[in-house]
Every structure is written in C-alpha cells, then in structure tokens.
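Here is the structure we will look at, set down as structure tokens.
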Amino acid sequence: MPPALQNVDMLHSDSHFEAHIKDTYKIDDVKSVNNNVLDRNESVSDMYDDFNLAKYEAMDFKAQIRWPDLIVQIALHTVSLLGFLLIMTNQVKLWTIIFVFLTIYTTGFGITAGVHRLWSHRAYKANLPLRILLAILFTVTGQRDIYTWALDHRVHHKYTETAADPHDVRRGFWFAHVGWLVLTPHPAVENRREALSRTSLDLIADPVVRIQKLFFIPLFLLLNILIPITIPMYFWGESFVNSFVVSFVTRFTIMLNIAYSVNSFAHLWGNKPYDRFIKSAENKLVSLAALGEGWHNYHHVFPWDYRTSELGKINISTTFIDFFAKLGWAYDLKAATNAMIKNRAAKSGDGSYHPSEEPYPN
Ligand SMILES: [Zn+2]
Ligand SMILES: [Zn+2]
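Under the numbering used here, the final residue of the sequence shown carries the number 366; numbering is consecutive throughout.
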C-alpha cells in the first residue's frame, strides 16, 4: 500500500473538518473522496491516469534559482562557519556546545520518529501527547511545517528517481542535498504534490498537523530562534553573539545538513542488500548522524516499517519509538517479518545481505 494511503481510516468526517478540507483543497464532496481513496488504495496512479511521467521526463526543463531561498542558505552556512571558528578558538562556553549537541540529538526525533515515520509513513500510531511532543521537537529543528514535509516525502517515495521526485538524485549530489530547496521545482513535482495532497487528507485530519501548519511562523520564531538563543544567555551567561551564532544558526544548519544527507549520501553510497535496482543504499555514517535514518535501501523497500532498518542496526529512533510503545503512547507498530526481508533480499538484493541474529519481536 502506498504510504500516502496508509491509515486513511484515521480521517474524521466532522463538519468542521469537511468544511476545512473543502475550503483548502477545493473538493466538493469530502466523503466521496475519502471513499474513493479507501476503495482504490492499491492503485493511486489509477486515480490520476492523466499523469504521464514519460511526457514529463522528456520535457525540456530548466530550473530557475529561487534567490531568497539561496540567499538564506548562503547566509546560514556562512554564519555557521563563523560558529565553528568561535568554537575552535575557545570563545564559546562548554555548556553552550553541550546544549547545542544535546538539542540536535533530542529534537532530531521530531524528524525521524515524528514527521518521517509517523506522519509521512504512518508506520505506527501515536497518542495526542506523543504527537504534540513530536510536533514541538520537529518545530525546534525548523524544517518547514509537518504537512509540507510529509507531503514532499510521500511524493519522494512514490516517484523516487523520476522527474516527479522533489530531490531526484539522478540530478546529482548537490541537487539532492540542497539544490532542490533553492531551485524552482520540476513541473512533474508540482503536479504530484497537488495530486498527493488529495490522497493525504489524513495529515490535515490531525489537529496537531493543522495547528503546527497554521502557526508555523510564530512557532518557528519561538522554538527555533528565541528559546535556543535565550537558554545559554540566561542559564550560564553566554554572550548574545555566541548564542545567536552557535545555538541558533550553527545548530540549525548542522540539523539541516544531517537531514539533507539522507537525500544525498544515503541515495548514492552504500550496500543494497534488499534491492540493487534502486539508488538508495545502506549508509552507516548517515545512520549515526541521523538517529538511524541512513538504512535507506531497507527503508525504500519497506517504507511502512517503523524501524526503517533491520534489527541489530544502529537505530536510536527505533529505540525511542519502542520506549513510547512500552508507555502505551505509541501503538500499532508495523514491521516486516524476517521471512519477508529474507525473501526480498534473495530476489533483488546485491548479495550483501546477512540475516539478522535477533529474533522477530512478537
Ligand atoms: Zn529516500
Ligand atoms: Zn521515508
């Protein structure tokens, strides 16, 4: 089942929600759309048979630079270099460095366990307190709103390595890493964003997603800028310049690059134990940096698996979800069985597959 369509049964059909959907997406009959999705969830492409990928692939498209986005990226990276210089020359308090490190590796769960495994893939379900926690953590990372991120990610999975993939790695390392965020999108991407927005009503059905989207700018200012600058100044007397440069800009930019690395490094370098015909690969370094998100060959084969990798692989985000599952906050965890993994590896892997030593959890 395509990730975009998993758990559409979560959809609420209260009148407020329907009005919102109708207004936002110009859909006249929300129920019929939902039913349509449920009836035909095995073949989303049937619903959009006017979409001709070959036509888009053959199109002569030249991306334009989106200057405001490019300037923001250049500014962030330039100021980050200054941040590294301040750290290297011992001008930053140790507590600030520890704070930045801890912030990166706690808020990262908002991306991995939150917008990625929960909202994009519906690989498990989470209760309201956990969804709120994940939304807050994700907002601290500043990586756009949940809805936009998850929608783009669904497009990426459904149309990987085609003209409709927002960060199509066939266009090179830099395009997949950051270029796609500073260039105008391919018309095929725009077309599929629009198409998948109609089968991703489950996102908008979640009030946490709606509120985070609605208040994204003030939440971004508060959680990504103001609080990270204030904490080092207030609690251990860090200077404003150091707080701004290191605790906001450098931290923000490091997090961006870790997330970008999944789209670039993990789509270019590594083994392919499960499917040698796709570009996404098992990349240990990306997994270490990105809290377990670098096992990307596995993830593209089993995108609905909440673990995004086999057991025994470095994957701290899986531990995070398991912890909340023990509390009862995360539930309905989906995972591939060892037999499924083994069969797939035998069928399409590159021969580097080694069966997991760990038993399948019941
Ligand atoms: Zn990918
Ligand atoms: Zn994914």
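Note that beta-carbon positions come from the ideal geometry of N, C-alpha and C, so glycine has one too.
Cutoff 8 Å; reference residue i; Cβ partners in own chain excluding five residues on either side
{"i": "H304", "result": "H161, T164, D279, I282, S284"}
{"i": "T322", "result": "G296, Y310, R311, T312, S313"}
{"i": "Q95", "result": "N246"}
{"i": "Y109", "result": "L295"}
Inter-residue CB distance, residue i and residue j (contact presumed, cutoff 8 Å)
{"i": "A270", "j": "G296", "result": "The pair is not a contact, with the Cβ atoms about 11 Å apart (cut-off 8 Å)."}
{"i": "V186", "j": "Q77", "result": "6 Å"}
{"i": "H81", "j": "T188", "result": "In fact, because the Cβ distance is near 21 Å, the residues do not count as touching under 8 Å."}
{"i": "M63", "j": "P170", "result": "Going by Cβ atoms, the distance from M63 to P170 rounds to 16 Å, so no, they are not a contact pair."}
{"i": "A130", "j": "L138", "result": "7 Å"}
{"i": "L89", "j": "Y151", "result": "37 Å between Cβ atoms; not a contact."}
{"i": "L272", "j": "V173", "result": "6 Å"}
{"i": "R196", "j": "V159", "result": "5 Å"}
{"i": "S268", "j": "F177", "result": "5 Å"}
{"i": "T145", "j": "A294", "result": "So it is not a contact: roughly 12 Å between Cβ atoms."}
Residue burial classification, residue i (beta-carbon count within 10 angstroms, cutoff 16)
{"i": "P277", "result": "buried"}
{"i": "Y335", "result": "exposed"}
{"i": "V12", "result": "No answer about V12 holds up, because its pLDDT of 33 lies below 50 and its placement is not dependable."}
{"i": "A350", "result": "exposed"}
{"i": "F327", "result": "exposed"}
{"i": "H358", "result": "exposed"}
{"i": "N347", "result": "exposed"}
{"i": "A343", "result": "exposed"}
{"i": "V193", "result": "buried"}
{"i": "D54", "result": "exposed"}
{"i": "A168", "result": "buried"}
{"i": "G316", "result": "exposed"}
{"i": "Y60", "result": "buried"}
{"i": "Q147", "result": "buried"}
{"i": "G353", "result": "buried"}
{"i": "P307", "result": "buried"}
{"i": "T93", "result": "exposed"}
{"i": "A79", "result": "exposed"}
{"i": "L225", "result": "exposed"}
{"i": "F324", "result": "buried"}
{"i": "L230", "result": "exposed"}
{"i": "S47", "result": "Here the model assigns S47 a pLDDT of 42, short of 50, so the residue's position is not dependable and the matter cannot be decided."}
{"i": "I345", "result": "buried"}
{"i": "L218", "result": "exposed"}
{"i": "F239", "result": "exposed"}
{"i": "F244", "result": "exposed"}
{"i": "F65", "result": "exposed"}
{"i": "L289", "result": "exposed"}
Same chain, Cβ closer than 6 Å to residue i, five either side skipped, listed in chain order
{"i": "E286", "result": "G274, N275, W299, N301"}
{"i": "S356", "result": "N275, P277"}
{"i": "P232", "result": "S251, F252"}
{"i": "R175", "result": "none"}
{"i": "T120", "result": "A small correction: the amino acid at residue 120 is His; Thr does not occupy that position in the sequence shown. Here the set comprises nothing."}
{"i": "Q68", "result": "T188"}
{"i": "F220", "result": "D149"}
Same chain, Cβ closer than 7 Å to residue i, neighbours up to 5 away in sequence not counted
{"i": "L86", "result": "V249"}
{"i": "Q216", "result": "A139, T143, D149, I150, L223"}
{"i": "W184", "result": "P170, H171"}
{"i": "D73", "result": "L185, V186"}
{"i": "R214", "result": "I208"}
{"i": "R70", "result": "V186, L187, T188"}
{"i": "I91", "result": "I101, V250"}
Residue nearest to residue i in terms of C-alpha spacing, selected from the options
{"i": "F113", "options": "N319, K330, A180, K346", "result": "N319"}
{"i": "G118", "options": "I102, I108, R135, T107", "result": "R135"}
{"i": "W111", "options": "A263, K288, S268", "result": "According to the sequence as given, residue 111 is Thr; it is not Trp. Among A263, K288, S268, the Cα nearest to that of T111 is on A263."}
{"i": "I235", "options": "T107, R158, L331, V173", "result": "T107"}
{"i": "G241", "options": "Q68, A67, L98, P72", "result": "L98"}
{"i": "R255", "options": "N228, V266, F239", "result": "N228"}
{"i": "N340", "options": "T312, F324, G332", "result": "Note that residue 340 is Ala in the sequence shown here, rather than Asn. Nearest of T312, F324, G332 to A340, Cα basis: T312."}
{"i": "G332", "options": "L315, I345, Q68, P133", "result": "P133"}
{"i": "S84", "options": "N261, L218, L155, K330", "result": "N261"}
{"i": "W153", "options": "K330, S124, A329", "result": "S124"}
{"i": "V182", "options": "G353, V266, L289, K330", "result": "V266"}
{"i": "S204", "options": "V213, L155, Q68, F105", "result": "L155"}
{"i": "K338", "options": "V104, L122, Q68", "result": "L122"}
{"i": "V104", "options": "K288, A329, M259, H157", "result": "M259"}
{"i": "M237", "options": "T100, I91, I75", "result": "T100"}
{"i": "H157", "options": "L141, L200, I221", "result": "L200"}
Proximity test, Cβ basis, 8 Å: residue i and chain D
{"i": "R280", "result": "Included in the structure is just one protein chain, with no chain D present."}
beta-carbon residue i near ligand 4 non-hydrogen atom, thresh 7 Å
{"i": "H171", "result": "Only ligand 1 and ligand 2 can be found as ligands here, which leaves ligand 4 out of the picture."}
- request: Could you name the residues whose beta carbon sits closer than 6 Å to any heavy atom belonging to ligand 1, keeping them in chain order?
  value: H160, H271, S284, H300, H304
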